[in-house]
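**Student:** Starting off with a structure, shown below.
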Amino acid sequence: MSFPWLSVVTFIPLLGALLLLFIDGENKNIIRVTTFIIGIVDFIISIPLFFMFKSGTAEMQFVERIDWIKSFGIEYSMGIDGISLFLVLLTTFSCMVVYLSTWTAIEKSVKEFNIALLVLQTAMIGVFCALDFVLFYFFWELMLIPMYLLIGVWGGARRIYATVKFFIYTMAGSVLMLLAILVLYVEHHAQTGVYSFDILQYHGMVLNPVTQFWLFLAFFVAFAIKVPVWPFHTWLPDAHVEAPTAGSVILAGIMLKMGTYGFLRFAMPIFPEAAHAAVWWISGIALVGIIYGALVAMVQEDVKKLVAYSSVSHLGYVVLGSFAFTVHGIEGSILQMINHGISTGALFLIVGIIYERRHTRLISEFGGLARVMPMFATVFMIVTLSSIALPGTNGFVGEFLILLGVFEANVFYAVLATTGVIFGAVYMLWMFQRVMFGEVTNENNKNLPDMTCREWAYMLPMIVVIFWLGVYPNPVIERMEASVKNLVAVTSRGAVAERKKPPVLAKVVIPDPVKEDN
Amino acid sequence: MGYLLWVIVALPLAGAFINGVIGRKMSRNGVNIFALGSTGLSFIFAIDAFLDLLALPPEHRVLDNTVYSWISAGALNVDVGFMLDPLSGLWLLVVTGVGFLIHVYSTGYMEHDKSYWRFFCYLNLFMFSMLMLILGNNFLLMFIGWEGVGLCSYLLIGYDYHRDAAATAGKKAFVMNRIGDFGFLLGMMLIYVTFGTLDYQAVFNAAPATLHYGGTVATAITLLLFLGATGKSAQIPLFTWLPDAMEGPTPVSALIHAATMVTAGVYMLCRSSALFDMAPTTMTVVAVIGCATALFAATIGLFQKDIKRVLAYSTVSQLGYMFMACGVGGYVAAAFHVMTHAFFKACLFLGSGSVIHAMSGEQNMEKMGDLKRHMPKTYWTFLISTLAISGIVPFAGFFSKDEILADTFNSGHTVLWIIGAIAAGITAFYMFRLVFMTFHGESRVEPEAMHHLHESPDSMTTPLIVLAGLAAVGGFLGVPLIEGWNVLHNFLGPVFEHGAVAAHAAAEHAEHPSVMLEVGLMILSLGVAAAGIYVAYYFYILNTKKRDELYEKLSGIHKVIYNKYYIDEIYDAVFTHPIVNVSREMLHKVIDVIVIDGCVNGTASFFATLSAWAKRIQTGFVRDYAFSMLFATLLFVIYYVMGLS
């Protein structure tokens, strides 16, 4: 057996967490540095995945399979393809950055805080690598606990409300998914006589339309809450506002991608017919999310809330692109997951930087910061531009591919989605203006220090990625191409079924999303 | 020699990068070396590349330089590649040449600025984006440049970001451009879906066969692209950002908001002429919008007091002429006017900058007058450019504007021609009004400013003189009537010939007007210009009392026009305020917080209520439990007894 890359990458943080147990909690700096080093090590070990990854094949790579509970057909099986590769890299990269960013933000129970972060990292990488449903579900639920603690212990004033809401809401969706998994398991056994939780075995399973519909719905709701798709989004602003910076970055940067990843890995390929039949209403709520998220973001008074609602809008694009079922749409969506992870993660770091200085996030408390913190202004500007998808930054490539893919599938959706381009610029630039431009009116802002070396150290890698993906995205796209084409092929079964429908039906269902938008 | 092209583009980017990263720590001279050096070198390379282009036989004048594959996803393949042909060649020389002059000018104008390096970093970044826009060999690269210049425009308008007006104007420019980009993006997608590529050559070669003349797809693509152009080039209905853009430093107004960036829309139309020629409906729309903008903006220019605002509306108006030319198929005329306009309008803006610099920042013309004595170089260069824009023979604007009007007349759009001619008269009036108010008559300069009234340094006047020279003689590149003398026509002509499409166009332009008619039109437009100048002279020099009486009488109209027909207020009332208010009061406060989150929390409190009720069963009293046991047993007994019987 070859070197178990994925297991190593997944479990290094957990081992690191165990290591932290042996360090005295009083030595805060040692704990911080150790955590950061663990993050670096894990990131470095994950880099070869990128270079050793063979593009041109949709097969799972770096596969590991060990029987776990044989009588139930449960395996410890890990593997990544062109869809999950970048999410794994995004996780190791973002976590490394986050570990460095929390050094001064957290003073209370530093040891426990860092342990929670490390456990969280293991769970997140596990979710993206798991190829067995039980293993996947294990990591999926494991992820909730450290995040629950991060918000509930180290959060803001309403942290208990926010974290309970986050936990219960996500949990409710997950339970639905668990039920659906069990139904699939039984159905799979009935069809083949084999007990298996192997996710890939389920791709392309033949299910009767009614079962498919209900199972798809269960999966959809679970992931939709996680994304979050409008109207399941209200836990997100609360969670973000209360979470410490590190929690927000991980939540927005990585955890929200679990939902959109779930669509691509489970909901779409396992239930192609149901997924295709659902395109109109999913696209509808995605479009509502894009425009509604942007408009509500525009009128927020708290920077973090604004960024949270902008996530609803951005992830609306990802969902819309995924459910376009075109190569461009899905490739754009995967790219946009990475982009959102980078740019929104960076935005939360930026909010963290000013929060640490002023202990407020209200836009009205700021103004004129560009004069006091010029370096910070530049960094903030670059991240803002990335968020509004300026060509040359990462955001543009993903957004353009999504829009193009949607356009190929349905011109009408594409037109509505493109209006988001305008609103995106409005809310980001308006916020930027109110925070950074104008005269410094508030006394407290007059002597704020500019970015420190440590802050530069974690913002700079973000900026490098922003430009790299904007200027030369091909190394990323070529690695995902085969997997995406395969996904489109697997799901095309549903498109055929959809086309066979009498045209009258199609006519009836199309206008609905319009209504929702008005 | 295609390799030169990416160097031309990359140099300003390198300049921007260096100044952006270490400019803060460098002296002004250090900043100058990188900023001016990169632009200057870029200009030299541009001339070299242009000469290479000229050396080719006319029908093969294309240089191509593909650098690397940018996006390759599914069937979509977009390269970072550059293309030089006569059309991009003309723009290349204008952008690098005028751009370099304005860089030189800025070293004087921005002398006292605290963040000198930042200004030049943005300016270089702008040069890079603009070159990307004109040299890119596909639509997506044009879009990079397109958004890039938009960004630089945003950054430079809001250069004095501590002033709210500047920051707001920058944001307004960006957002309005984004509305246009909405069209550009959709247009690109439709092009891709129709042609399977975004590459210029492939699209334009396939256009005659793929599109139906006058078909829906052709019309949709071109209308969407034109929407993009109206944003970037400040046409109705997206023009209101340009006058506000005057909040930026004056060299920026000259470079970005007059000479180069705002002509990007015209470039886009000329570049995509193969598509526009297939869509007669769009062409009519373009011509009508252009003409309407030319007149509308000119009337607003009539009574403005701020010297830069007059020039801004004049720019909007002149851009309208260019679009009108495109709309009637006169692409060469449009490109010609872009070039001459770049010369005289850059000169006018820089001249106004020289005035403002001398007046310690004062922009209100009512507080100027008689500056001729104090700043002769500025005055004479300004006068030459004013004559050029007014269309007085033999200055540059005469030839280009006349070609546009002639093309419009020949295409049969007589009404547009009449409006165009009237707008030309208005232009002559408000431009000379500006000259008279600023440089002639009595001095109304405040004593405070009078003290340091001075001619600007050489770094500022030299570019003025060069530009005025170009504005004086630039027109001779397009001499009409005499066969073979219209150099520009011979040079650019091949770009706009698209095989089958040309036949359509030729059929429309079947009859060429007689020389007599053309001469007649020329004399007529000269007469209109002269009349405009005389009216200005009469009211602003000869008989100012009469003017005041007239304004008194027409105070209502005067007020409406002075307030720009309240277009900004209307846009605010119709779009901005409702959207913000609905978002805040309805979407956020009601739908999000009360309805959606209410349901979420409602579900939670439903279960809480339910369990609060259910927990009462657990009283803890043995008698209650005994009772319920007894009761249940009784029920069972009854059930079975009934069941058995």
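Chains as they are written, first to last, in the working numbering: chain A, 1 to 518; chain B, 1001 to 1645.
Ideal placement from N, C-alpha and C gives every residue a C-beta, glycine not left out.
In this text the structure is predicted, and so the values were computed from the model without any measurement.
Since A:E408 meets chain B, which of its residues come closer than 7 Å, beta carbon to beta carbon?
**Tutor:** Position 408 of the first sequence, counted from the start, is the residue given in the question as residue 408 of chain A. Within 7 Å Cβ-Cβ: V1193.
**Student:** Verify whether the separation of the beta carbon atoms of B:L1242 and B:V1316 is less than 8 Å.
**Tutor:** Against the second sequence, residue 1242 of chain B aligns to sequence position 242. Against the second sequence, residue 1316 of chain B aligns to sequence position 316. In contact: B:L1242 and B:V1316 (Cβ atoms closer than 8 Å).
**Student:** Since I believe B:M1324 is in contact with B:T1408 (beta carbons under 8 Å), could you give me their beta-carbon distance rounded to a whole number of angstroms?
**Tutor:** Position 408 of the second sequence, counting from 1, holds the residue named residue 1408 of chain B. Position 324 of the second sequence, counting from 1, holds the residue named residue 1324 of chain B. Indeed, because the Cβ distance is near 6 Å, the residues count as touching under 8 Å.
**Student:** Judging by CA-CA distance, which residue of A:V134, A:E356 and A:V318 is the nearest neighbour of A:L404?
**Tutor:** Taking the first residue of the first sequence as position 1, residue 404 of chain A is located at position 404. Of A:V134, A:E356 and A:V318, the residue nearest in Cα terms is A:V318.
**Student:** Run down chain B in chain order and give the residues with a C-beta less than 8 Å from the C-beta of A:T419.
**Tutor:** By one-based count along the first sequence, residue 419 of chain A stands at place 419. F1182, listed in chain order.
**Student:** Quick one: what's got a C-beta closer than 7 Å to A:R519's C-beta in the same chain, skipping five residues either side?
**Tutor:** Residue 519 of chain A lies beyond the residue range present for chain A, which begins at 1 and ends at 518; the question has no answer from this structure.
**Student:** Do B:L1084 and B:A1049 have their C-beta atoms within less than 8 Å of each other?
**Tutor:** What you label residue 1084 of chain B is simply residue 84 of the second sequence in a count that begins at 1. What you label residue 1049 of chain B is simply residue 49 of the second sequence in a count that begins at 1. Yes, the pair counts as a contact, with Cβ atoms nearer than the cut-off.
**Student:** Judging by CA-CA distance, which residue of A:Y261, A:A172, A:Y413 and A:L150 is the nearest neighbour of A:W281?
**Tutor:** The residue you call residue 281 of chain A lines up with position 281 of the first sequence. For the residues A:Y261, A:A172, A:Y413 and A:L150, the minimum Cα distance to A:W281 belongs to A:Y413.
**Student:** Is the Cβ of A:P391 closer than 8 Å to any Cβ of chain B?
**Tutor:** Taking the first sequence and counting its residues from 1, the one referred to as residue 391 of chain A is at position 391. Yes, A:P391 lies at the interface with chain B (some Cβ there is under 8 Å from its Cβ).
**Student:** Can you tell me whether DSSP reads B:F1082 as helix, strand or coil?
**Tutor:** Working through the second sequence from its first residue, we reach residue 1082 of chain B at position 82. In the structure shown, B:F1082 sits in a strand (DSSP, three-state: E or B).
**Student:** Between B:A1500 and chain A, is any beta-carbon pair separated by less than 8 Å?
**Tutor:** On the second sequence, position 500 is the one that residue 1500 of chain B refers to. With a pLDDT of 46 at B:A1500, under the threshold of 50, the modelled position of that residue is not reliable, and the figure given next carries that caveat. Not an interface residue.
**Student:** Using a Cβ-Cβ cut-off of 7 Å (strictly less than) and excluding sequence neighbours within five positions of B:L1488, which residues of its own chain qualify?
**Tutor:** As a position in the second sequence, residue 1488 of chain B is number 488, starting the count at 1. Cβ within range, chain order: V1332, F1336, L1477 and G1478.
**Student:** By the three-class DSSP mapping on this structure, what secondary structure does B:L1233 have?
**Tutor:** One-based indexing of the second sequence puts residue 1233 of chain B at position 233. Leu is not the amino acid found at residue 1233 of chain B; the sequence shown has Ser there. Of the three classes helix, strand and coil, the one that applies to B:S1233 here is coil, per DSSP.
**Student:** Given this structure, state the Cα-to-Cα distance separating B:I1289 from B:E1111, to the nearest angstrom.
**Tutor:** Along the second sequence, read from residue 1 onward, the residue named residue 1289 of chain B stands at position 289. Along the second sequence, read from residue 1 onward, the residue named residue 1111 of chain B stands at position 111. So the alpha carbons of these two residues sit roughly 41 Å apart.
**Student:** Fully enclosed by the segment 11–90 of chain A, which alpha helix (DSSP H) runs are 4 residues long or longer?
**Tutor:** Runs found: 28–52.
**Student:** Any C-beta of chain B sitting closer than 8 Å to the C-beta of A:G368?
**Tutor:** Locating residue 368 of chain A in the first sequence gives position 368, counting from the first residue. Answer yes: the Cβ-Cβ gap between A:G368 and chain B drops below 8 Å somewhere.
**Student:** Would you tell me roughly how many angstroms separate the C-alpha atoms of B:F1344 and B:V1095, rounded to the nearest one?
**Tutor:** What you label residue 1344 of chain B is simply residue 344 of the second sequence in a count that begins at 1. What you label residue 1095 of chain B is simply residue 95 of the second sequence in a count that begins at 1. B:F1344 and B:V1095: Cα-Cα distance of roughly 14 Å.
**Student:** When we look at the beta-carbon of B:L1311 and count the other beta-carbons within 10 Å, is it buried (16 or more) or exposed?
**Tutor:** If you number the second sequence from 1, residue 1311 of chain B lands on position 311. Flag for B:L1311 reads buried.
**Student:** Interface residues of chain B around A:E365 at Cβ under 9 Å?
**Tutor:** Counted from its first residue, the first sequence places residue 365 of chain A at position 365. By Cβ distance, chain B contributes nothing, its closest Cβ being about 17 Å from A:E365, past 9 Å.
**Student:** Let's test the definition: count the other Cβ atoms within 10 Å of the Cβ of A:S311 and tell me whether it reaches 16, buried, or not, exposed.
**Tutor:** Position 311 of the first sequence holds residue 311 of chain A. By the 10 Å Cβ count, A:S311 comes out buried.
**Student:** Give me the subset of the segment 1128–1162 of chain B whose CB atoms are less than 7 Å from a CB atom of chain A, sorted by chain position.
**Tutor:** Listed by position along the chain: F1143, I1144, E1147, G1148, L1151, G1158, Y1161 and H1162.
**Student:** Which class does A:N518 belong to by DSSP, given the choice of helix, strand or coil?
**Tutor:** Residue 518 of chain A sits at position 518 when you count from the first residue of the first sequence. Note on A:N518: pLDDT 39, under 50, position unreliable in the model; no value is reported.
**Student:** Where does the unbroken beta strand (DSSP E) through A:L131 begin, and where does it stop?
**Tutor:** Position 131 of the first sequence holds residue 131 of chain A. Unbroken run through A:L131: none, as it is neither H nor E.
**Student:** Could you check which residue in B:V1466, B:N1205 and B:L1076 has the C-alpha nearest to that of B:V1104?
**Tutor:** On the second sequence, residue 1104 of chain B is found 104 positions in, with the first residue counted as 1. It is B:V1466 whose Cα lies nearest to the Cα of B:V1104.
**Student:** Classify A:S248 as buried or exposed, calling it buried when 16 or more other Cβ atoms lie within 10 Å of its own Cβ.
**Tutor:** Indexing the first sequence from 1 puts residue 248 of chain A at position 248. Buried is the call here.
**Student:** Tell me B:A1073's beta-bridge partners as DSSP assigns them.
**Tutor:** Within the second sequence, numbered from 1, the residue matching residue 1073 of chain B stands at position 73. B:A1073 pairs with B:L1076.
**Student:** Any idea if B:W1485 is buried or exposed, counting beta-carbon neighbours within 10 angstroms, 16 or more meaning buried?
**Tutor:** Residue 1485 of chain B sits at position 485 when you count from the first residue of the second sequence. Result: exposed.
**Student:** For a quick check, are the C-beta atoms of B:K1305 and B:E1366 less than 8 Å apart?
**Tutor:** Reading the second sequence from its first residue, position 305 is the one you call residue 1305 of chain B. Reading the second sequence from its first residue, position 366 is the one you call residue 1366 of chain B. Yes, they are a contact pair.
**Student:** Contact between the segment 1143–1161 of chain B and the segment 1260–1270 of chain B: three or more CB pairs below 8 Å?
**Tutor:** Judged by Cβ distances under 8 Å, the segment 1143–1161 of chain B makes contact with the segment 1260–1270 of chain B, as three or more pairs qualify.
**Student:** Nearest to B:I1389 by alpha carbon, out of B:T1197, B:D1624, B:G1475 and B:M1629?
**Tutor:** Within the second sequence, residue 1389 of chain B is the residue found at index 389, counting from 1. Closest by alpha carbon: B:G1475.
**Student:** Pick out whichever of B:K1172, B:F1432, B:A1258 and B:W1117 has its Cα sitting closest to the Cα of B:I1541.
**Tutor:** Reading the second sequence from its first residue, position 541 is the one you call residue 1541 of chain B. Among B:K1172, B:F1432, B:A1258 and B:W1117, the Cα nearest to that of B:I1541 belongs to B:F1432.
**Student:** Could you confirm whether any beta carbon from chain B is found closer than 8 Å to the beta carbon of A:I477?
**Tutor:** Reading the first sequence from its first residue, position 477 is the one you call residue 477 of chain A. With 8 Å as the cut-off, A:I477 counts as an interface residue toward chain B.
**Student:** The alpha helix (DSSP H) that contains B:L1481, what's its start and end?
**Tutor:** Numbered from 1 along the second sequence, position 481 holds the residue referred to as residue 1481 of chain B. It is not in any alpha helix (DSSP H) - B:L1481 carries neither H nor E in the DSSP assignment.
**Student:** Contact defined as beta carbons within less than 8 Å: I believe A:I31 pairs with A:I23. What is the distance between those atoms, to the nearest angstrom?
**Tutor:** The sequence position of residue 31 of chain A within the first sequence is 31, counting from 1. The sequence position of residue 23 of chain A within the first sequence is 23, counting from 1. A:I31 to A:I23, Cβ: 6 Å. Contact.
**Student:** Could one say the Cβ of B:F1349 lies closer than 8 Å to chain A's Cβ atoms, at least one of them?
**Tutor:** Within the second sequence, numbered from 1, the residue matching residue 1349 of chain B stands at position 349. Judged by the 8 Å Cβ criterion, B:F1349 is not in contact with chain A.
**Student:** Nearest to A:W607 by alpha carbon, out of A:I125, A:F133 and A:V351?
**Tutor:** Shown here, chain A extends from 1 to 518; a query on residue 607 of chain A therefore has no answer.
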